[in-house]
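Start counting the sequence shown at 1340; every next residue gets the next number (our numbering). Backbone N, C-alpha and C define an ideal beta-carbon position, used for all residues, glycine too. Remember, it's a predicted structure, so these values are computed and weren't measured experimentally. The structure appears below as structure tokens.
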Amino acid sequence: MYNRGALSLVLFISWLVFVNGDYLIGVGSHDMTGPAAGVNMMGYANMEQVTSGIHFRLRARAFVVADTAKGGARIAFVNLDAGMASQLVTIKVLERLKSRYGELYNEENVAISGTHTHAGPGGYLQYVTYSITSLGFVPQSFDALVTAIELSIVQAHDNLKPGSILINTGNVENGGINRSPSAYLFNPPEERSRYPSNVDTQMTLLKFVDKSSGKSTGAFSWFATHGTSMSKDNKLISGDNKGAAARFFEDWFTSTTTNPSSSYHKRIKASFASRIKATGGQPCSKTASQSAKVRKNDGSRFVGAFCQSNVGDVSPNVLGAFCLDSGKPCDFNHSSCHGNDLLCVGRGPGYPDEILSTKMIGERQFHKAVDLFTSADKEIAGKIDYRQTYLNITDIEVVLENKKVVKTCPAALGPGFAAGTTDGPGVFGFQQGDTEINEFWKKVRDAIGEPSPYQVECQKPKAVLLDTGEMFWPYAWAPAVVPIQILRLGKLVILCVPGEFTTMAGRRLREAVKETLTRSGGGEFDNATQVVIAGLTNTYSQYVATFEEYKQQRYEAASTLYGPHTLSAYIQEFKKLAQALAGGDSHVVKGPSPPDLSSLQLSLLQDPTGDSPPPGVKFGDIKHDTKSGPFKAGDRLNATFWSANPRYDLLTEGTFAVVEMQQQGDKWIPVYDDDDFCVFFKWNGPLYSSNSTYGLATVEWEVPQEASLGVYRLRHYGSFKTTKESPVKYFTGASSGFNVVVN
């Protein structure tokens, strides 16, 4: 016998908890910037694009949401200012979390998603295809990511408090265009007619609110646009437009909820600037640069993350693609100019200034997020749940709607992949849409790895240019096992996909999952259920185009690794997960585990072996000083210091570059650093040893509109070794003073 009245009371109380939106909520953030010198950037596959400084720092931002009941379900979602997630990174993060928390955080309830910036250090993925241009595995890049992800989750976990989640949606104006519009037109007209645009414009935002204080602690949003506002010629580490949006949002929130320190209002007379001379190089402690940070990471700061979605064919270069030689629009079908793919390049809204374009696309996302954040009034209520499995994506039988059975293929890349995109053109001699390979490139291909007859037939109409799925020396070139995952917060469902779905591919997946949930959920899901795609999550397996888009073989289709039925396979397998989620079935077939290839990784990139300054000079001494000004908003000024390779210490949660402002009593306070959009740290010098030239670090500042009248100087922090085996030492130096006046 059971007490029906008591049970009803318990159910009623549980219902009230969910209706009131009470969860345990925590957010966290950690610096993951990585090596700022000599490491190839991940995204454009341009071997000449190696890091040479920092535009602004990269971060891992995490939220954890848990059921208030002891032992209740929880999920952790991490947004990375990185090109994509990595299977090996995910494996090692989960190992660290297990050592801290046991099974509390695991492969089923942790999702790690990349923003897809193309301006972060590479060398952290475990498959050969993604490490060729980085000269193999780069432990420093890898460790920076793993540590930042781990510590962002730890911070979110430690911050868990009762709270509520509000959700809001709205359209981002002019945040992206379709960079393969001819391929989009291959989709059925009746399907295209259901949508107002050939890209998804909707942003979905979650607002996290602390119950006790009523204060918001963070916001995470999903919106699809590529992290390619910064071009393939850029060499400064940057979070691109989504990282910029995050920085703008976090600073906006802080400025609206805090008051400046009173010392900021005690300015000294600007006429004293000429008396302030450069300090010269001085030794300092390991933590000195952390003390100089404007934004200290004590775990209490608001966290604003801009996450990626079905970004496959969406470009932030919204002015369109034009020929470099003629200035005319590129060929519509092939995105080339007179047959030359290298001449067709997309233009951002700030063209020709890529930093301005990055700022503008970031601001468009930021402004919409602020609008959604301030007007959010709909609470999320309901279960926390998740399902996850691994797929051998190279060999899945797919039952199509017409009952025909087809299969996916081992991974392969087509010639359209080599052509690149309008965001970053590829190799001369290829065009998007190519379905044939000339004899020269066939011979080159066959010398690397000739595809099997099965592979050639399976991938049609793609011609196999690089048979990555059948290449295993010195280790696997492409993933065969990939994870798929569903996270649930009430009627919000997050689909974690291991690649870049095109606009229409993402729409089909979302609709299929929502239909399955609604049909199988016993009323728990309905038209109010919102489904978002979190792209580039947990591992990376390139693109997913629709079956129809695959026919034209533009870049996205040529990079759809597993053949023409890749999307159908994902939809089929996600529907199985959705069925299990809706029906409360926790017994999901886990599938084959992905390999851990860490012991096989090759690392060809050398570490720096020791630096020294010129005779009679100390690290931190000025080579080129600033002028005394006066400067006003919009002016750029810089100082160059004798310096050492920034790879000796990444100065994580610290800074290489600071703008200091003088206060009364000759006190200097940091007001901007290399985590700001207006400060640039640029490094130039020998990558591996000091046997040829000497290292130079330039701190550059573009005076922002909000800068106050006063006296400023530029400061540089760095570290060095004299030999490979010697201990790391730290130094700093500051420029002469200069005036800033109000416009």
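Sequence-distant residues of its chain with Cβ nearer than 8 Å to Asn-1513 (five each side left out): Val-1657, Pro-1688 and Arg-1703
Same chain, Cβ closer than 8 Å to Asn-1731, neighbours up to 5 away in sequence not counted: Ala-1819, Val-1820, Gly-1930 and Pro-1931
4-residue-minimum alpha helix (DSSP H) runs that sit fully inside the region 1416-1485, ordered along the chain: 1426-1440
Residue of Gly-2076, Cys-1748 and Ala-1631 minimising C-alpha distance to Thr-1899: Cys-1748
Helix, strand or coil at Val-1927 according to DSSP, with G and I counted as helix: coil
Proximity of Glu-1863 and Ala-1786 at Cβ, strictly below 8 Å: no
Beta-carbon proximity check, Lys-1500 vs Ile-1364, cutoff 8 Å: yes
Neighbour-count burial assignment, Gln-1945, 16 or more Cβ in a 10 Å radius: exposed
Where Ile-1825 sits in the DSSP three-state scheme: strand
Delimiting residues of the beta strand (DSSP E) encompassing Leu-1505: 1500-1510
His-1604 burial status per 10 Å Cβ neighbour count (16 or more: buried): The predicted position of His-1604 is uncertain, since its pLDDT is 36 and thus under 50; no value can be drawn from it.
Close-in-space but distant-in-sequence residues of the same chain around Leu-1936 (CB under 8 Å, 5 per side omitted): Leu-1427, Gln-1465, Tyr-1466, Tyr-1814 and Ala-1815
8 Å Cβ cutoff met for Phe-1995 and Pro-1985: yes
Residue nearest to Arg-2054 in terms of C-alpha spacing, selected from Asn-1510, Ile-1471, Val-1738 and Val-2018: Val-2018
Whole-number beta carbon distance between Gly-2034 and Asp-1950, since they are thought to touch under 8 Å: 6 Å
Met-1843: first and last residue of the uninterrupted alpha helix (DSSP H) it sits in: 1842-1859
Through-space distance from Leu-1941 to Gly-1411, alpha-carbon basis: 42 Å
Any 3 or more C-beta pairs closer than 8 Å across the region 1656-1675 and the region 1514-1522: yes
Beta bridge counterpart(s) of Asp-1549 as assigned by DSSP: Gly-1502
CA nearest to the CA of Val-2042, picked from Asp-2012, Ala-1375 and Ser-1628: Asp-2012
Backbone CA spacing between Ala-1384 and Phe-1547 [nearest angstrom]: 37 Å
Complete runs of the alpha helix (DSSP H) confined to the region 1713-1763 [at least 4 residues]: 1754-1758
Which of helix, strand or coil DSSP assigns to Val-1783: helix
Which of helix, strand or coil DSSP assigns to Val-2079: strand
Nearest to Ser-1648 (by Cα), restricted to the options Thr-1454, Pro-1953, Ser-1425 and Glu-1912: Thr-1454
Cβ distance (whole Å) where Phe-1840 is taken to contact Gly-1874 below 8 Å: 7 Å
Nearest neighbour of Gly-1643, chosen from Gly-1666, Lys-1890, Ile-2008 and Asn-1418 [CA to CA]: Asn-1418
Same chain only: Cβ atoms within 7 Å of Gly-1788, ignoring 5 sequence neighbours per side: Asp-1806, Glu-1809 and Met-1810
Touching by the beta-carbon criterion (3+ pairs, under 8 Å), the region 1585-1593 and the region 1663-1673: no
Residue from Leu-1828, Leu-1943 and Ala-1750 whose Cα sits closest to the Cα of Ser-1791: Ala-1750
Distance between Pro-1954 and Lys-1962 (C-alpha atoms, nearest Å): 13 Å
C-beta contact flag for Gly-1685 and Asp-1762 at 8 Å: yes
Nearest-angstrom Cβ-Cβ length linking Asp-1420 and Met-1371, presumed shorter than 8 Å: 7 Å
Residue range of the unbroken beta strand (DSSP E) whose run includes Trp-1561: 1555-1561
Between the CA atoms of Tyr-1879 and Glu-1489 - distance to the nearest angstrom: 19 Å
Sequence-distant residues of its chain with Cβ nearer than 7 Å to Gly-1303 (five each side left out): Outside the modelled stretch of the chain, which goes from 1340 to 2082, sits residue 1303, for which no answer is possible.
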